[in-house]
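Residue numbers (my numbering), protein chains in the order written: chain H, 1 to 236; chain W, 1001 to 1236.
For glycine and all other residues, C-beta sits at the position ideal for the given N, C-alpha and C.
Notes follow the structure.
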DNA sequence: CGCGAACTTGACTGTAGTCAACCTGCGTGG
DNA sequence: CCACGCAGGTTGACTACAGTCAAGTTCGCG
C-alpha cells in the first residue's frame, strides 16, 4: 500500500484483516479460469501469473504478481472475468475474504481509494501489455517485460541488476505471445544485454535494455501529484 | 451505473455532479498520451478510443468507449498511465472534475464501489484484449471485437443485429494489431457472417460470429452474484 | 545413475506485413 | 453543377518474422 497515503489507524485496520495462509506448489493453478471466488489473495512469497485462454485452451498470461501484490483484488468488487491464477514456483499466498475487504472499504474511504488505485496500476500495466503484445517484435517484447519486472521487483530501491523471475522460457512465451522456441532464440540474441538463468533475470546493461525494450517507466510510477492527491478529499 | 445497485439519494448525487459539455471533432485527440488531466470524461454520444503507442509512434487502441462509458474514470485516482483518447467520430463528452468524483466517492461508499467496479469491467475487457491480440488469428480477432461491441452497444436489450461502429479499417487494425490491408482481406473473408459498412456493423449470423470469434460473454456480464454483492456491506 | 523437464538447434512453413497501384465516394470550392 | 482532391477501401506481388515439427542436449532431482 505504499502507493497511497494512509493514517496509522487505517494501516492498523488493514493489518488486522483476517488472513489465511496457503502454500501453492510450483505450476499449481490456484484459481481456475471463470472460477468465482470469495477471497482475494496477496502474494507473500514466490510469484504467480494471471492468465486467460482461448476456447482451445491456449493460455495467455496477462499479469505477473510479485510478493506484496494483490493478485486478484479486482475480484472483491467483480468476481467474474478475473481469469485464472497459476503459481510459477512454490508460492505462499494470504487469502483475505472479500467481505472483509469490502467492509473495510466501506468504513474507510481512503482505504477504498487505495484499493481502487492499486487496481488501476494493474490496469495501466495491462494496457501496456496490449501495446507490447500487439505492436512490438520479439526482442522488444521480452526486453520490455524484463524492464517492467525489474522496476516492480525493486520496489522503492535502486533498480536491481538481478531479480528473481522463476518462469520457464515456455511461460515467458505465454506472457509475450511467442512460442518457447522463439523465446529461446530471442534470449540468445539478447544475451549481451540480459540473461534469464536459474529463475533469475540478470541485467548486464540497463540502459541498453530499456532502449531495446522501448521502455518508459512512467506508467509504473507512483502518482507524482501533490500529496493530497493520494487521499480522498474530505467529504463535502 | 446500471452495473451496481444504488439508492435514490446516491443516484441523485451522481446526477448532480458538475459537468461540462465538450464536442470533439472526428479524429481529434482529446487526451494526449502521458497527458495528465483533472477531469474524467463520460461519453455522451459518438465513440472514442483509448490508445497507447510505441516510441516510434505506432498506435495501439486499447479500448473503445460507447455512450454511457466513462472513458478515463481510472484517471480520477491515478492520473498517470491512462494513455491517449481519440474521438473516432464527432463525439460529445461530459467532463467531470476528479475532485468532485473523489469527494462523492468519499461520502458515499456505495458510489466509490460502483466506480471501482466500473473500472474493473474495463480491466476485464483489457485482459480479454491481451488474449485476443496475443493468441488469435486475424479472423477470430476481428470477429471477437465485433461480438464484444455488439453486447456493449446493446445495453440490456437483446443483441442488436446492427450497431454503430464508426471506425475505419485502419483503426480496426490499430485495435486488433493488424494492418489496414490485412483487415480489409479479413473482412472480405468474414462477409457472410458480418460486415462493416458506413460506420455500422451488420451481423448476419450471430451464432457463427461468436463461433468464429471464439467469444464467451461471461467476462462482460454484470455480476450475477446475490444482490447484496452489488453493494458494499454495511460498515462493521 | 537415470529420468524427465527444460533448453537448444535446424529445416521448413505460413500468416500477416510491406509496398505499390488503383478504385470509389464524398465534400468543397470554383 | 461539375470537377477536383482526398480519405478510405481494394487488390496483387513479394517479403519476413515467428510458428511448427523434429531431433538432440543439458541439467536438476529423486
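(message) Tell me the rounded alpha-carbon separation between residue 180 of chain H and residue 57 of chain H.
(response) Counted from its first residue, the first chain places residue 180 of chain H at position 180. Counted from its first residue, the first chain places residue 57 of chain H at position 57. Roughly 16 Å separates the two Cα atoms.
(request) Flag residue 1139 of chain W as yes if its beta-carbon sits less than 8 Å from any beta-carbon of chain H, otherwise no. (result) Locating residue 1139 of chain W in the second chain gives position 139, counting from the first residue. Chain H, which has no Cβ nearer than 8 Å to the Cβ of residue 1139 of chain W, makes this no.
(request) Return the first residue and the last residue of the alpha helix (DSSP H) that residue 162 of chain H is part of. (result) Translated into positions along the first chain, residue 162 of chain H becomes position 162. Segment 162-164 is the beta strand (DSSP E) holding residue 162 of chain H; no alpha helix (DSSP H) there.
(message) Can you check whether the C-beta of residue 1206 of chain W is within less than 8 Å of a C-beta belonging to chain H?
(response) Residue mapping note: residue 1206 of chain W aligns to position 206 of the second chain, counting from 1. Chain H, which has no Cβ nearer than 8 Å to the Cβ of residue 1206 of chain W, makes this no.
(message) Residues in the same chain with beta-carbon distance under 7 Å from residue 128 of chain H, minus the five sequence neighbours each way, listed in chain order, please.
(response) Translated into the one-based positions of the first chain, residue 128 of chain H becomes position 128. Closer than 7 Å at the Cβ level, and outside the excluded window around residue 128 of chain H, lie 219.
(message) What residue range does the beta strand (DSSP E) around residue 51 of chain H cover?
(response) Your numbering for residue 51 of chain H matches position 51 in the first chain. Element bounds for residue 51 of chain H: 48-53.
(message) Please tell me whether residue 1049 of chain W and residue 1171 of chain W are closer than 8 Å, where the distance is taken between their beta carbons.
(response) For the purposes of this step, residue 1049 of chain W is taken as the residue at position 49 of the second chain. For the purposes of this step, residue 1171 of chain W is taken as the residue at position 171 of the second chain. Yes, the pair counts as a contact, with Cβ atoms nearer than the cut-off.
(message) So, at 8 Å on beta carbons, what are the nonlocal neighbours of residue 193 of chain H in its own chain, with the 5 sequence-adjacent residues on each side left out?
(response) The residue given as residue 193 of chain H occupies position 193 in the first chain. Contacts found: 143, 203, 204, 205, 208, 209, 212.
(request) From the DSSP output, in three-state form, read off residue 145 of chain H for me. (result) On the first chain, position 145 is the one that residue 145 of chain H refers to. Three-state DSSP puts residue 145 of chain H in a helix.
(request) Over the uninterrupted alpha helix (DSSP H) stretch that includes residue 68 of chain H, give me the two end residues. (result) Looking up residue 68 of chain H in the first chain gives position 68. Run containing residue 68 of chain H: none; DSSP gives neither H nor E here.
(request) Would you tell me roughly how many angstroms separate the C-alpha atoms of residue 1043 of chain W and residue 1088 of chain W, rounded to the nearest one? (result) As a first step, residue 1043 of chain W is located in the second chain; it is residue number 43 there, counting from the start. As a first step, residue 1088 of chain W is located in the second chain; it is residue number 88 there, counting from the start. Near 12 Å, if we compare the C-alpha coordinates of residue 1088 of chain W and residue 1043 of chain W.
(request) Indicate the three-state DSSP secondary structure (helix, strand or coil) for residue 1245 of chain W in the structure shown. (result) No answer is possible for residue 1245 of chain W: it lies beyond the span of chain W, which begins at 1001 and ends at 1236.
(message) Looking at residue 1066 of chain W: is its Cβ nearer than 8 Å to the Cβ of residue 1075 of chain W?
(response) In the second chain, the residue the question calls residue 1066 of chain W occupies position 66. In the second chain, the residue the question calls residue 1075 of chain W occupies position 75. Their beta carbons are not under 8 Å apart, which means residue 1066 of chain W does not touch residue 1075 of chain W by this criterion.
(request) Examine the Cβ distances between the stretch 1099-1117 of chain W and the stretch 19-28 of chain H and report whether three or more of them are shorter than 8 Å. (result) no
(request) Could you spell out where the beta strand (DSSP E) holding residue 40 of chain H opens and where it closes? (result) Sequence index remark: in the first chain, residue 40 of chain H carries index 40 (1-based). Looking at the DSSP string, the run of the beta strand (DSSP E) that includes residue 40 of chain H is 39-45.
(request) Could you say if the stretch 1152-1166 of chain W and the stretch 1105-1123 of chain W meet the contact criterion of at least three C-beta pairs nearer than 8 Å? (result) no
(message) Could you compute how far the alpha carbon of residue 1031 of chain W sits from the alpha carbon of residue 1217 of chain W?
(response) Indexing the second chain from 1 puts residue 1031 of chain W at position 31. Indexing the second chain from 1 puts residue 1217 of chain W at position 217. About 30 Å.
(request) Provide the residue span of the beta strand (DSSP E) that contains residue 194 of chain H, from first to last. (result) As a position in the first chain, residue 194 of chain H is number 194, starting the count at 1. Segment 194-197, the beta strand (DSSP E) holding residue 194 of chain H.
(request) Could you tell me whether any Cβ in chain W is nearer than 8 Å to the Cβ of residue 49 of chain H? (result) Taking the first residue of the first chain as position 1, residue 49 of chain H is located at position 49. Judged by the 8 Å Cβ criterion, residue 49 of chain H is not in contact with chain W.
(request) Could you spell out where the alpha helix (DSSP H) holding residue 106 of chain H opens and where it closes? (result) Residue 106 of chain H sits at position 106 when you count from the first residue of the first chain. Its alpha helix (DSSP H) spans residues 98-107.
(request) Between the Cα of residue 1240 of chain W and those of W:1013, W:1183, W:1078, W:1174, spot the shortest distance and give me the residue it belongs to. (result) Residue coverage of chain W in this structure runs from 1001 to 1236, which leaves residue 1240 of chain W outside it and unanswerable.
(request) Using a Cβ-Cβ cut-off of 8 Å, state whether residue 1214 of chain W counts as contacting chain H. (result) Taking the first residue of the second chain as 1, we reach residue 1214 of chain W at position 214. True, the Cβ-Cβ gap to chain H drops below 8 Å.
(request) State buried or exposed for residue 1016 of chain W, treating a residue as buried only when at least 16 other CB atoms are found within 10 Å of its CB. (result) Against the second chain, residue 1016 of chain W aligns to sequence position 16. With fewer than 16 Cβ atoms within 10 Å of its Cβ, residue 1016 of chain W is classed as exposed.
(request) Note down, in chain order, every chain W residue with its Cβ under 8 Å from the Cβ of residue 74 of chain H. (result) By 1-based counting over the first chain, the position of residue 74 of chain H is 74. What residue 74 of chain H touches in chain W: 1120, 1123, 1124.
(request) Answer with yes or no whether the minimum CB distance from residue 130 of chain H to chain W is below 8 Å. (result) The residue given as residue 130 of chain H occupies position 130 in the first chain. Closer than 8 Å: yes.
(request) Find the residues of chain W that neighbour residue 83 of chain H, judging by a C-beta separation of less than 7 Å, and give them in chain order. (result) Walking along the first chain from the start, residue 83 of chain H turns up at place 83. Within 7 Å Cβ-Cβ: 1127.
(request) Could you tell me whether the Cβ of residue 1169 of chain W comes closer than 8 Å to any Cβ of chain H? (result) What you label residue 1169 of chain W is simply residue 169 of the second chain in a count that begins at 1. Not closer than 8 Å to any Cβ of chain H, the Cβ of residue 1169 of chain W fails to qualify, so no.
(message) Please identify the residue among H:111, H:146, H:165, H:130 whose C-alpha is closest to the C-alpha of residue 12 of chain H.
(response) Counted from its first residue, the first chain places residue 12 of chain H at position 12. The shortest C-alpha separation from residue 12 of chain H is found at H:111.
(message) Going by DSSP, what residue range makes up the beta strand (DSSP E) through residue 1087 of chain W?
(response) Sequence index remark: in the second chain, residue 1087 of chain W carries index 87 (1-based). Segment 1084-1087, the beta strand (DSSP E) holding residue 1087 of chain W.
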